[in-house]
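For the sequence shown, my numbering assigns the number 1130 to the last residue and increments by one with no breaks. One structure is given below, encoded as structure tokens.
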Amino acid sequence: MLRSKLIQVLIPGLMVGLTVGCTQPVEVDADSKLVSASKSLPLSYDTSIDQVAHMSCSNMPTSSNFNKSAYFTYRVGAYTDGGIQLKDSFFETLKNRKAEYQSSVLVGSAANKDTVLQVALRSRANYQALYTKSGTATLDQDYANIFTELGTEDVSDSLIALPIGSRMKFIRTGTVGGARLEGSLYFGDTATMVQSSRDFLQGKGSTAGSTGLLGLTYTNGSATSARSILDFNP
């Protein structure tokens, strides 16, 4: 069963295993405390977006060979002050522990491992309902999983090692481009479809009474469920 995750509204109405990497293993006599700490640890990620963009370009179905890095319908990203970090409460809870222990707790936490950042258009009346082109949510069209999986050893080590006040925007993943904190949605098949997505965000047209939002969620793997919401004004 999917655990509860948080969702952040980007534009209201519109728009961590017991050993870590190459670090030393946690002492055997500390295993029970580590397991307990992992079980009680709440979701500890703090993600912020500093740019949201919309393009009205149409007649570009996702099946065609257009440049998806240059063209999109909606795009969110962290380029300046945005990014991901661990909450202050995480470090406060584990303030007397070494970095390798902190990372092990994060990796072992059910609330933090196997976690994916996801962007999508969602209904304000039902956060589980995504706006889609065909009625079925399609990855890299109707929703996008961005950055890289959270709660892994590498990501947890990197987040814990961040200087105070810093946020991660990019991480090497073994691929040429690595992983950036950026995601795009594509509704540009037709001008009507682009307009329909805007109407959904504003509660107009055929979607009247069903106002949507452009949201960033924490969820599990390939799932699209979100269980609670946190609003903020960018």
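Glycine is no exception: its CB is placed at the ideal position from the N, C-alpha and C atoms. Bear in mind that the values here come from a model prediction, so they are computed numbers and not experimental data.
Taking C-beta separations shorter than 6 angstroms and ignoring five residues to either side along the sequence, the partners of Gln947 in its chain run Gly973, Tyr975, following chain order. One Cα belongs to Gly979, the other to Phe987, and the distance between them is close to 18 angstroms. Fully enclosed beta strand (DSSP E) runs of no fewer than 3 residues occupy 941-944, 947-950, 970-973 of the region 920-978, in order along the chain.
The beta carbon of Thr1069 lies closer than 6 angstroms to those of Thr1044, Ala1075 in the same chain, with the five residues before and after it left out. For Thr1113, the number of other beta carbons within 10 angstroms of its own is at least 16, and it is reported as buried. The residues Val1090, in chain order, have a CB closer than 6 angstroms to that of Ser952 in the same chain once the five nearest residues on each side in sequence are set aside. By the 16-neighbour rule on beta-carbons within 10 angstroms, Gly1031 is exposed. Shortest Cα-Cα distance from Glu1078 to any of Thr1086, Ser1106, Val1012 involves Val1012. In terms of CA proximity to Thr989, Pro938 leads the group Asp1038, Pro938, Phe968, Thr1048.
DSSP, reduced to helix, strand and coil, places Leu1058 outside both helices and strands of the structure shown, so it counts as coil.
Bridge partners of Met1064 according to DSSP: Ile980. One alpha carbon belongs to Ala1119, the other to Leu1035, and they sit about 10 angstroms apart.
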